[in-house]
Amino acid sequence: MELGRLGIWSVELRLGDAGEIHDSAAELEELGWGTLWIPGLGGGDILADSERLLQATRTTKIATGIISIWRHDAEEMAAGHAGLQQAYGRRMLLGLGVSDPAAAHDACRPFRPLAEMNDYLDRLDRADPPLPVDERILAALSPKLVQLSGQRTAGVHPFMVTPESTASTRELLGAGPKLAPYQAVVLEKDPDKARTAARDFLGAFLTMDHYLKSLQRQGSTDADLADGGSDRLIDSVVAWGEVETIATRLQAHHDAGADHVCLHVLTTTGGFPRREWRELAALTR
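Here's what the structure looks like:
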């Protein structure tokens, strides 16, 4: 499944007004974005929300980034995914993640991420019909999960990572599997405004153990991780400034081995960032 060099990751495309979701998805396709990613956000009918985007587009791929294996039954996901592929021409990529210990405890299960993900993938393989290996991707951050991704899925969709981390992940994966990192961006030249927009969204993730460990592996200190993230940390995982500045960060991911980078446009005003999507579309050409 070809994702294109660049895609859009968007909360709005899942939770916004239905009419604007349809119009935005259709416009994003015309602008040349290869894949539209929507988050799992704790559960809900992710397949119906994906179908809404499939209906609004003709050739653009739709991906979940990501659904928690603790909140979605493997057999139901396989059956629903197969139905969407048959109806819309194999344009759906299912992104999976193990989330964090809190999600596991909510499901009354011990937190064994590697074993639980292996078991979930086994269930997808045994489903009728099975969910093909190249139509699923893992939001892996730890080295062992990255290696599992390369062995049992299309590849890796890592969250909140630097180009240096992308290079390390590519080394672990080898040359074959897809590497599709998430990249938060802010089209804002004022440092305070840009970092405020970044912290407003990413700050909550700095309270989650698996993201903290990932950022520590990338070189963040305790001071970097406190109080919503230091300027150094924010600048390392968020690209802000003019389009050309953001383009430099995206190219750094590609140079480090990324096949596809999905941009999450953060704003200081909220709502659908359609103006920003249009401005950034120059990077797809």
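Those letters in the sequence shown? Residues 981 to 1265, by my numbering.
Note that the Cβ used here is the ideal one computed from N, Cα and C, for glycine as well.
- If you look at Val1241, you'll find it in the beta strand (DSSP E) that goes 1241-1245.
- With 16 or more other Cβ atoms from the protein chains shown falling within 10 Å of its own Cβ, Gly1077 counts as buried.
- With fewer than 16 other Cβ atoms inside 10 Å of its own Cβ, Asp1235 counts as exposed.
- Counted as a single uninterrupted DSSP element, the alpha helix (DSSP H) harbouring Thr1176 occupies residues 1171-1182.
- Taking each of His1240, Gly1251, Leu1263, Thr1248 in turn and checking the Cα distance to Arg985, the smallest one comes out for His1240.
- Between the alpha carbons of Ser1048 and Arg1032 lies a gap of roughly 20 Å.
- According to the DSSP secondary-structure assignment, Arg1116 is paired through a beta bridge with Leu1074.
- Assigned with DSSP and collapsed to three states, Trp989 falls in strand.
- Counting the other CB atoms within 10 Å of its CB gives Lys1158 a total of 16 or more, which places it among the buried residues.
- Per DSSP, Trp1013 lies in no beta strand (DSSP E) segment and is marked neither H nor E.
- Partner residues in the beta bridge of Tyr1162, as assigned by DSSP, are Cys1242.
- Gly1135 is bridged by DSSP to Lys1158.
- Between the alpha carbons of Val1245 and Val1166 lies a gap of roughly 6 Å.
- DSSP places Ile1047 in the strand class (E or B) of the three-state scheme.
- Relative to the Cα of His1190, the nearest Cα in the group Met1140, Arg994, Glu1224, Pro1253 belongs to Met1140.
- Excluding the 5 residues flanking it on each side, Gly1014 has same chain C-beta neighbours closer than 8 Å at Glu982, Leu983, Gly984, Arg985, Leu986, Gly987, Thr1040, Lys1041, His1240, Thr1264, in chain order.
- Around Arg1175, the same chain offers Asp1211, Ile1214 as residues with beta carbons nearer than 7 Å, after the five sequence neighbours per side are excluded.
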